[in-house]
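If you want the numbering used here, it's the position in the sequence shown, counting the first as 1, plus 1495. Yeah, the Cβ is synthetic: ideal placement off N, Cα and C, and Gly gets one too. Being a predicted model, the structure only gives us computed values, none of them experimental. Taking it in order: structure first as structure tokens, then the write-up.
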Amino acid sequence: MHFTLPESAQAFRREVRDFLAERPMQDYPADATDGGYGTGPFSREFMRALGRRGWIGLTWPVELGGGGRPMIDQLVMLEELAFAGAPFGPLVGNDQWAQSLIRDSNDRLRDELLPAIAAGEATCWQGFSEPDAGSDLLALTTRAVRDGDEYVINGRKIWSSEAGAYTHGQLLARSESIEDAGSRANGLTMFVVPNDAPGLTLRPILAMTGEVYHYEAFLDDVRVPEWSVLGSEGEGFRELLRGLDRDRFWGRFTKPANLLTKLDQLDAHARSHRRDGRTIIEDSGIARRLVELRAEAAATRLLFHKLGWQLSNDLPVPYESALYKTMADELGQRVANLAADVLEQDTLIRREPHRFETEMHHLYLSSPGQTIAGGTSEVLRTTVATRGLGLAKG
Ligand SMILES: Cc1cc2nc3c(=O)[nH]c(=O)nc-3n(C[C@H](O)[C@H](O)[C@H](O)COP(=O)(O)OP(=O)(O)OC[C@H]3O[C@@H](n4cnc5c(N)ncnc54)[C@H](O)[C@@H]3O)c2cc1C
């Protein structure tokens, strides 16, 4: 079977390639590290360059300052950025944030933020998890209390990716007690909080890579105006769920493309380097794994394309994003393990900038966290079993 894209999407792919060819990706300074998502690090300069082309708001409605382009163009653009190893770190999460603002926000919040997001100036982190609330997110205890036309937020978040590098946090807090709300899923509210809000303190957490990617957020009497609510008061959990499937889709869509590039680099290295008197590719175990992983990455890429088509046609996706996210993240771990066997250990450890060995080292250390971020593989397998296969909940 042969899959092709519409001519308009192929033309746009060429346009993105030309843009990427204009300037080497290494020339864009990194402002924050890559979390292993296949999206590269965060470069403000690169985000602004995308903003100037109108590509951050590519698919947003024209009347809201967007490009009004079809979703397929966004898929094409993201893949090209991933193939090229571009530093587009927050682009995907930002678009999800923008889509929530477009869909659910009051005019004030939308008018304040959309132009800044489109220009690459505003970037958003997610403050959902807490020290005692991860997979069981409804156990969160951060409280928001209404005080006139403001809310006062108190609590603590953890593992918030890139919080210190971005400009705003999306925070989930309990605004009504469980008793009054009637269930744990009710009475939660989603807020947008600027990083410079008095009372918000971000503490960096050092990752295995030796870099800072996660932050702990302390909220001590943080006051936000009532128009900071994303969606409606008390509807925060539904707001979260609405975005979750798309978040898992977009958050991993670029990974197969990024891994295919990494596999090409590993292949080239294995052909040009020798070990024990023969080229590394002559080791049939390495050659077999390269072929298998390439086939898996190519198949996962197609599954994501299919899911993109389902989402753009508003078709139900009860389990697909959970399944493909898990597949992509576990594939990333296997590619990282192959890299550890193909590359010489000292090149992995030296960590010189802009070397593919350094990127592989980074992938090796960041890929374990990927099967935890955005829902653990164990929890997502339960989603596939119950929502996909119809098995009873244990
Ligand atoms: C790289 C990375 C980035 C992250 N970024 C963010 C972020 O930006 N914002 C944010 O809010 N959070 C973020 N997180 C936090 C992430 O969402 C949580 O770590 C995740 O939901 C798991 O929660 P937990 O760490 O509390 O583990 P727990 O929920 O305590 O899980 C511990 C173990 O128990 C297993 N387990 C738990 N419940 C079940 C179940 N019902 N069935 C089977 N097994 C179960 C889990 O699979 C896991 O192995 C990030 C985490 C990582 C690693």
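Counting along the chain, where does the beta strand (DSSP E) carrying P1689 start and finish? Within the sequence shown, residue 1689 is the residue found at index 194, counting from 1. From DSSP, the beta strand (DSSP E) with P1689 extends over L1683 to P1689.
Tell me which residues share the same chain as R1539 and place their Cβ nearer than 6 Å to its Cβ, disregarding the 5 neighbours each side in the sequence. Translated into the one-based positions of the sequence shown, residue 1539 becomes position 44. Excluding residues up to 5 positions away in sequence, D1526 lie with their Cβ nearer than 6 Å to the Cβ of R1539 in the same chain.
Cross-strand partners of H1709 (DSSP beta bridge): Working through the sequence shown from its first residue, we reach residue 1709 at position 214. DSSP output for H1709 lists S1656 and I1700 as bridge partner(s).
Quick check on the burial criterion: 16 or more other C-beta atoms within 10 angstroms. Buried or exposed for S1767? Counting from one through the sequence shown, the residue named residue 1767 turns up at place 272. Burial state of S1767 is exposed, judged by a 10 Å Cβ sphere holding fewer than 16 other Cβ atoms.
Beta-bridge pairing of E1734 - partner residues as DSSP gives them: The sequence position of residue 1734 within the sequence shown is 239, counting from 1. Its beta-bridge partners do not exist; DSSP assigns none.
Among the residues of its own chain, which have a CB less than 6 Å from the CB of L1697, if the five just before and after it don't count? Looking up residue 1697 in the sequence shown gives position 202. Short of 6 Å from the beta carbon of L1697, and not among the five residues preceding or following it, lie these beta carbons of its own chain, in chain order: A1658, G1659, Y1710 and A1712.
Please report the distance separating the alpha-carbon of D1631 from that of A1680. Taking the first residue of the sequence shown as position 1, residue 1631 is located at position 136. Taking the first residue of the sequence shown as position 1, residue 1680 is located at position 185. Their backbone Cα atoms lie some 11 Å apart in a straight line.
Can you tell me the Cα-Cα spacing of A1868 and S1862, whole angstroms? In the sequence shown, residue 1868 corresponds to position 373, counting from 1. In the sequence shown, residue 1862 corresponds to position 367, counting from 1. Their backbone Cα atoms lie some 10 Å apart in a straight line.
Which residues in the same chain as A1614 place their Cβ atom closer than 6 Å to its Cβ, once the five residues preceding and following it in sequence are excluded? The count along the sequence shown starts at 1 and reaches residue 1614 at position 119. Answer for A1614: G1546, listed in chain order.
Does the distance from the C-beta atom of S1595 to that of G1738 stay below 7 Å? Taking the sequence shown and counting its residues from 1, the one referred to as residue 1595 is at position 100. Taking the sequence shown and counting its residues from 1, the one referred to as residue 1738 is at position 243. In this structure, G1738 lies closer than 7 Å to S1595 by Cβ.
Residue range of the beta strand (DSSP E) that A1668 falls in? Sequence index remark: in the sequence shown, residue 1668 carries index 173 (1-based). Counting along the chain, the beta strand (DSSP E) containing A1668 begins and ends at H1663 to R1669.
Does the beta-carbon of N1753 have 16 or more other beta-carbons within 10 angstroms, so that it is buried, or is it exposed? Within the sequence shown, the letter at position 258 stands for residue 1753. Of the other Cβ atoms in all chains shown, 16 or more fall within 10 Å of the Cβ of N1753; this residue is therefore buried.
If you run the structure through DSSP and keep just helix, strand and coil, what is T1774? As a first step, residue 1774 must be located in the sequence shown, where it is residue number 279. Residue state, collapsed to three classes: strand.
Cβ neighbour criterion (16 or more within 10 Å) applied to L1573: Walking along the sequence shown from the start, residue 1573 turns up at place 78. The residue in question, L1573, is buried, as its Cβ has 16 or more Cβ neighbours within 10 Å.
Give me the DSSP bridge partner(s) of I1597. Looking up residue 1597 in the sequence shown gives position 102. Answer is none; I1597 lacks a bridge partner.
Helix, strand or coil, according to DSSP, for E1728 in the structure here? In the sequence shown, the residue the question calls residue 1728 occupies position 233. DSSP places E1728 in coil when its eight states are reduced to three.
Between the Cα of L1797 and those of G1650, Q1840, R1603 and R1747, spot the shortest distance and give me the residue it belongs to. If you number the sequence shown from 1, residue 1797 lands on position 302. Of the candidates G1650, Q1840, R1603 and R1747, the one whose C-alpha sits nearest the C-alpha of L1797 is R1747.
Since S1670 and L1683 are thought to touch, with beta carbons under 8 Å apart, how far apart are those beta carbons, to the nearest angstrom? For this step, residue 1670 is matched to residue 175 along the sequence shown. For this step, residue 1683 is matched to residue 188 along the sequence shown. Right, their Cβ atoms sit about 7 Å apart.
So Q1621 is in the beta strand (DSSP E); what residue range does that whole segment cover? Looking up residue 1621 in the sequence shown gives position 126. It spans C1619 to G1622 - the beta strand (DSSP E) in which Q1621 sits, taken as one unbroken run.
Between the beta-carbon of V1879 and the beta-carbon of Y1814, is there less than 7 Å? As a working note, residue 1879 is residue 384 in the sequence shown. As a working note, residue 1814 is residue 319 in the sequence shown. When the beta-carbon positions are compared, V1879 and Y1814 come within less than 7 Å of each other.
May I have the straight-line CA-CA distance separating A1790 from G1561, to the nearest angstrom? Stepping through the sequence shown from its first residue, residue 1790 is reached at position 295. Stepping through the sequence shown from its first residue, residue 1561 is reached at position 66. Between A1790 and G1561, the C-alpha separation is close to 36 Å.
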